[in-house]
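Peer 1: One structure, pasted below without further comment.
In our numbering, the protein residues as written are 1 to 646.
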């Protein structure tokens, strides 16, 4: 399929993304204003980087959420929250042995989680890695992190192609186990005698080639299921862990393809958590003209090309994931001349650039063919894919105006926006309610969160969006209280950086993670914008911290401490009742694509000044409390509830 694109068309397309709210116009009017303020610079988030998720935790146990940023191919960061709205990257002080910051330690880091795996009251850090490196298993001792990957029995093959560790207590013995999701069959590692050992025996567990996972009670039996998610299709492998062997319940979910993130929340307030599936290409192919004479293009797999008219001299930069061999896989003109580097000049007056060399049909290598037609004043860039994972990024500037851009190979419904899928958890099973919830607009968003951003007792949605070579506006969707959504103009101030990924430094939207970082009862979030892997070393996107400045309404937040249950209380449920409305939160550790939201539970309470809380612990015990609104509480299994002193 061909797509004709001009700089005017690109501007129109960008406006269409900004005005996506028109597709949600049927929803009820807003009930409360939702606003955010970009406080990144003031808070200390001034760096730009490639990124692969982010994770809120509390490394020093002071109750103020801290943030781990893996930075993917660069040195990781741990930003300490000093409690006054500012953060400091303190990884050098926290990394007691230099394991996180040493040579090679940050070559290929992926999703990370904070977890109290040893039930000692502090949060440890587990960072998954690619096939280059061992998992980073960092044990928290007195507020500093120590590498204990070997002492706890993690072999060098435990994390091959790792994408995100998921922790749970499937046998309810109070000791957490983990599955390390990644490109290969995921291991299941159980604690035994102070070591992690193979725990698959008797479980029937088999997740393979997954990017991340979620914990959610799919059948309302009070036990959270494990959902492993792949970005291909069908999107999920689901396991009921309440029995032995585990029951494969994948058939309870639709065979949706190309799912980029799963957003978990009770959107219709029926006390069952639902799932919003964001769909599309992880790294879409795209070609865009900007400033009238520049192009950024990204091609991922498949044969693709673009052509355009221009009489100018071209300055070209090419990056891709395959090794150059004397640049012989770049062929210029009808004779297939090879440049001497990935930076080269193309002059239309030079006959050597004219025409296109014919590709050898027997070729098994990925190649790029470039040529000029002086008769039509048209340049052509043709990429051929050799059925191996291929990733190329082309930047070019012409000394004359560019016009009549046409692309081939851009795939409708994959590289282009797609409609998300909203699965409501109803008594009859997971049911598609996308249209009824006013979510049928096509979007190009790869990460999202649910939260009650205006404290009106329902869960709203925030989406991080991007193209292949540009950042487009992020989207904030307000819930009307009945599971019907409408877009808030300008995402309430959190639309993010808009523009070209490299030339304009906007990056491409990657992940979002939520936390009430300033403890004021309003959910805030951090957005990462470093999705692209190419151009290597130049694909930096900004980190953006958005503070919730919505009008303050009543709220309550709860930290859970298990005693008989695992200390993190993974698998617990909390029901909050105020003003005749009951809400639910599941302690699912905030897992979503490569990321972790703050595990502290947040409830908006509107104008209610007190709330009744019922905690259903994994052990089977139930505790109930009635407390004043407007505070953070610590609920300890079988030992009562106290107002936090932070």
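Beta carbons are placed, not taken as given, at the ideal position from N, Cα and C, and that holds for glycine. The structure displayed is predicted, hence computed values, not measured ones.
Comparing the CB of residue 362 with every heavy atom of the ligand GDP, is any distance shorter than 7 angstroms?
Peer 2: The ligand content of the structure shown is nil, which means the ligand GDP is not present either.
Peer 1: When the distance is taken between beta carbons, is residue 297 closer than 8 angstroms to residue 394?
Peer 2: In this structure, residue 297 lies closer than 8 angstroms to residue 394 by Cβ.
Peer 1: So residue 457 and residue 605 are in contact, right, with Cβ under 8 angstroms, and what is the actual spacing, rounded?
Peer 2: Yes, residue 457 and residue 605 are in contact; Cβ-Cβ is about 7 angstroms, under 8 angstroms.
Peer 1: Identify whether residue 441 lies in helix, strand or coil by the three-state DSSP scheme.
Peer 2: DSSP places residue 441 in coil when its eight states are reduced to three.
Peer 1: Quick check on residue 101: does DSSP put it in helix, strand or coil?
Peer 2: Residue state, collapsed to three classes: coil.
Peer 1: Reducing DSSP to helix, strand and coil, say where residue 213 ends up.
Peer 2: Three-state DSSP puts residue 213 in a strand.
Peer 1: Where are the alpha helix (DSSP H) runs, 4 residues long or more, that stay fully inside the stretch 78 to 130, in chain order?
Peer 2: You should have 91 to 94.
Peer 1: Looking at the unbroken beta strand (DSSP E) that takes in residue 238, where does it start and where does it end?
Peer 2: Per DSSP, residue 238 belongs to the beta strand (DSSP E) from 236 to 240.
Peer 1: Going by CA-CA distance only, name the one from 311, 627 and 282 that's closest to residue 299.
Peer 2: The candidate whose alpha carbon is nearest that of residue 299 is 282.
Peer 1: Please look up how many angstroms separate the CB atoms of residue 574 and residue 636, rounded, as I've assumed it's under 8 angstroms.
Peer 2: Not quite, the Cβ-Cβ distance comes to about 13 angstroms (not below 8 angstroms), so this is no contact.
Peer 1: Return the bridge partner residues of residue 484 from the DSSP annotation.
Peer 2: According to DSSP, which records beta bridges pairwise, residue 484 is partnered with nothing at all.
Peer 1: How is residue 495 classed by DSSP in three states: helix, strand or coil?
Peer 2: Here residue 495 sits in coil by DSSP.
Peer 1: Closer than 7 angstroms by C-beta to residue 205: which residues in its own chain qualify, once you throw out the five before and the five after it? Chain order, please.
Peer 2: Counting only Cβ-Cβ distances below 7 angstroms, and skipping sequence neighbours, we find 188, 239 and 246.
Peer 1: Between 82, 182 and 508, which has its C-alpha nearest residue 158's C-alpha?
Peer 2: Checking every option, the nearest Cα to that of residue 158 belongs to 182.
Peer 1: On the premise that residue 609 lies in contact with residue 554, defined as a C-beta separation below 8 angstroms, what is that separation, rounded to the nearest angstrom?
Peer 2: Contact flag correct, Cβ pair sits at about 6 angstroms.
Peer 1: With contact counted as at least three CB pairs below 8 angstroms, one residue from each stretch, are the stretch 432 to 452 and the stretch 461 to 473 in contact?
Peer 2: Taking 8 angstroms as the limit for Cβ pairs, the verdict is that the stretch 461 to 473 does touch the stretch 432 to 452.
Peer 1: Would you say residue 96 and residue 146 are within 8 angstroms of each other, going by their C-beta atoms?
Peer 2: Yes; because the gap between Cβ atoms is below 8 angstroms, this pair is in contact.
Peer 1: Measure the Cβ-Cβ separation of residue 556 and residue 569 and say whether it is below 8 angstroms.
Peer 2: No, the Cβ-Cβ distance between residue 556 and residue 569 is not below 8 angstroms.
Peer 1: State the beta-bridge partners of residue 309 as determined by DSSP.
Peer 2: BP columns for residue 309 point to 378 and 403.
Peer 1: If you measure between the beta carbons of residue 585 and residue 550, is that distance less than 8 angstroms?
Peer 2: Their beta carbons are not under 8 angstroms apart, which means residue 585 does not touch residue 550 by this criterion.
Peer 1: Which residue or residues does DSSP assign as beta-bridge partners of residue 132?
Peer 2: Its beta-bridge partners do not exist; DSSP assigns none.
Peer 1: Apart from the five residues just before and just after residue 148, which ones in its own chain have a Cβ nearer than 7 angstroms to its Cβ?
Peer 2: 137 and 139, listed in sequence order.
Peer 1: In terms of residue numbering, what span does the beta strand (DSSP E) encompassing residue 612 cover?
Peer 2: 610 to 616 is the extent of the beta strand (DSSP E) around residue 612.
Peer 1: Give me whichever residues DSSP pairs with residue 425 in a beta bridge.
Peer 2: DSSP, once it has assigned bridges, lists 430 as partnering residue 425.
Peer 1: I need the DSSP call for residue 40, collapsed to helix, strand or coil.
Peer 2: In the structure shown, residue 40 sits in a helix (DSSP, three-state: H, G or I).
Peer 1: Got a sec? Which residues, its chain only, sit under 7 angstroms from residue 431 by beta carbon, not counting five neighbours each side?
Peer 2: Excluding positions up to five away in sequence, the list reads 423 and 424.
Peer 1: What's the call for residue 26, buried or exposed, on a 16-neighbour Cβ count within 10 Å?
Peer 2: Its pLDDT being 34, under 50, residue 26 is placed unreliably by the model, and nothing is read from it.
Peer 1: From the DSSP output, in three-state form, read off residue 635 for me.
Peer 2: Three-state DSSP puts residue 635 in a strand.
Peer 1: How far does the beta strand (DSSP E) with residue 207 in it reach, from first residue to last?
Peer 2: Counting along the chain, residue 207 falls outside any beta strand (DSSP E), and DSSP gives it neither H nor E.
Peer 1: From residue 19 to residue 69, what does the alpha carbon distance come to, in whole angstroms?
Peer 2: Legend: pLDDT at residue 19 = 42, less than 50; position of this residue unreliable, no value from coordinates given.
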